[in-house]
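Chains A and B, in that order, give the protein sequences.
When the letters of the first sequence are read in order and numbered with the numbering used here, they come out as residues 152 to 233.
When the letters of the second sequence are read in order and numbered with the numbering used here, they come out as residues 3 to 241.
Below you'll find the structure, written out as structure tokens, and then a few comments.
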Amino acid sequence: MDSITSAASVLAAGLAVGLGAIGPGIGQGTAAGGAVEGIARQPEAEGKIRGTLLLSLAFMEALTIYGLVVSLVLLFANPFAG
Amino acid sequence: MPFNLPLAELEVGKHLYWKVGQLNLHGQVFLSSWIVIGALLALVVVGTRKMEREPRGVQNLLEFLWDYLRDLARDQIGEKAYRDWLPFIGTLFLFIFVSNWGGALIPWKLIHLPSGELGAPTADINTTIALALLVSLAYFYAGLSRKGLRYFEYYVEPTPIMLPFKIVEDFTKPLSLSFRLFGNILADELVVAVLAFLVPLVVPLPAMFLGLFTSAIQALIFATLAAYYIGEAVHEEHH
């Protein structure tokens, strides 16, 4: 792999995870805030809220994981290595 | 790696290849999935051999699991059709759950392979893609067998404008299912491996517990989504 390709791949791998973490981070914060509010208002619904929250957090996390998959491909299985 | 502790190494892209005809199979994935399947079969056989009216021990655990999976399937698929799909959903959940936990808990490093290393079968993208495509086939089959060709009405409801999106959805469903599971499990293993490489003692433990937690959640999510897709396909519109 020539040096330009490897440098670009490493940079892109970092950016893929870093930029991919912004959106889900905001979303997870909003969701967790909403869940806390819900529990404060209705403590008896805590179990149900927690289950739903975990499930939706995992969905958001999946978005970052896509970025991670892209960066893993760039680092370990680079299609442009040639 | 410079030290000789029995830790998992960072080996992404190294595999134990088995040649079958023209194909290169990832042997370590087969070996670890067979171990997982064997463990599950043994558990179920032991738990159901001498069944009692008041469950104890393994039977109790299995009944709890069955209750849990039945509730999951019934919530997503609905009262009418969930019985047909409970075995499928349950198998998916148990296989993924035991694979994920097995990959983290069993000391695979003690078993030496010529190349590559054993680990969670779900940390290989081929396994997760196979599971996700099974889910795709399952929901098509569920919809077609329950509604016949009327199943395709689902694509133009509520308006025909939705048609391209619904067609694209059929491709993104298995894509996101497989990447989510694969990425999470591989990321857990990589985080633990990197931490264990930097500080071999104690420090990786919290990451390992977090990994156990997320891998259990991922198994739950995969099963829930599979059930949700099937439920969407068999759902009858009430006019």
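Beta carbons: idealized from backbone N, C-alpha and C, even for Gly.
Everything numeric in this text was worked out from a predicted model, so none of it was measured.
Residue i to residue j span [Cα, whole Å]
| i | j | result |
| --- | --- | --- |
| L18(B) | S222(A) | 24 Å |
| D126(B) | V31(B) | 7 Å |
| S154(A) | A164(A) | 15 Å |
| G213(B) | V187(A) | 24 Å |
| E81(B) | L219(A) | 38 Å |
| N186(B) | S117(B) | 24 Å |
| T161(B) | A182(A) | 31 Å |
| L206(A) | P206(B) | 25 Å |
| L151(B) | L107(B) | 47 Å |
| M164(B) | A229(B) | 22 Å |
| G234(B) | T156(A) | One point to set straight first is that residue 234(B) is Glu, not Gly, in the sequence displayed. Roughly 44 Å separates the two Cα atoms. |
| L9(B) | A198(B) | Confidence is the limiting factor: at L9(B) the pLDDT is only 46, short of 50, which leaves the residue's position unreliable, though a coordinate-based value still follows. Cα to Cα, L9(B) sits roughly 8 Å from A198(B). |
Given residue i as reference, the closest of the options once Cα atoms are compared
| i | options | result |
| --- | --- | --- |
| T226(B) | L25(B), I39(B), V60(B), W87(B) | W87(B) |
| P89(B) | S101(B), W103(B), D73(B) | D73(B) |
| L179(B) | G105(B), Q24(B), S34(B), T130(B) | T130(B) |
| F215(B) | V100(B), L25(B), L33(B) | V100(B) |
| Y231(B) | L135(B), L151(B), F211(B) | L135(B) |
| A44(B) | Q61(B), G121(B), E54(B) | Q61(B) |
| G92(B) | V137(B), E238(B), G59(B) | V137(B) |
| A209(B) | A195(B), L96(B), E56(B) | A195(B) |
| L94(B) | L183(B), H237(B), G121(B), H28(B) | L183(B) |
Unbroken beta strand (DSSP E) run spanning residue i, endpoints
| i | result |
| --- | --- |
| N26(B) | 25-28 |
| V22(B) | 19-22 |
Bounding residues of the alpha helix (DSSP H) (the contiguous stretch that carries residue i)
| i | result |
| --- | --- |
| D172(B) | 165-200 |
| V100(B) | 84-107 |
| F154(B) | Note, F154(B): premise wrong, no alpha helix (DSSP H); not H, not E. |
| R192(A) | 154-192 |
| F224(B) | 206-236 |
| N229(A) | Element bounds for N229(A): n/a, residue is neither H nor E. |
| E54(B) | Unbroken run through E54(B): none, as it is neither H nor E. |
Any non-hydrogen atom of the ligand SAM within 8 Å of residue i CB
| i | result |
| --- | --- |
| F210(A) | Among the components modelled here there is no ligand, and therefore nothing to report on the ligand SAM. |
Exposure label - residue i; buried when at least 16 CB within 10 Å
| i | result |
| --- | --- |
| V38(B) | buried |
| F167(B) | exposed |
| I223(B) | buried |
| S35(B) | buried |
| T124(B) | buried |
| S147(B) | exposed |
| L133(B) | buried |
| Y84(B) | buried |
| F181(B) | buried |
| G104(B) | buried |
| L96(B) | buried |
| P176(B) | buried |
- prompt: Any chance the region 107-115 of chain B sits against the region 148-162 of chain B, with 3 or more Cβ pairs inside 8 Å?
  reply: Segments in contact, no.
- prompt: Taking one C-beta from the region 204-219 of chain A and one from the region 169-184 of chain A each time, how about it: are there three or more such pairs within less than 8 Å?
  reply: Yes, since at least three Cβ pairs between the region 204-219 of chain A and the region 169-184 of chain A fall closer than 8 Å, the two stretches touch.
- request: Answer yes if the region 187-204 of chain B comes into contact with the region 177-196 of chain A, meaning at least three C-beta pairs across the two stretches below 8 Å, and no otherwise.
  value: Touching, no.
task: Kindly confirm or deny that the region 158-178 of chain B and the region 194-203 of chain B touch, where touching means at least three C-beta pairs closer than 8 Å.
output: Flag = no, the region 158-178 of chain B and the region 194-203 of chain B do not touch.
field: Cβ contact check for the region 76-86 of chain B and the region 57-65 of chain B: 3 or more pairs under 8 Å
entry: Too few Cβ pairs lie closer than 8 Å, so no.
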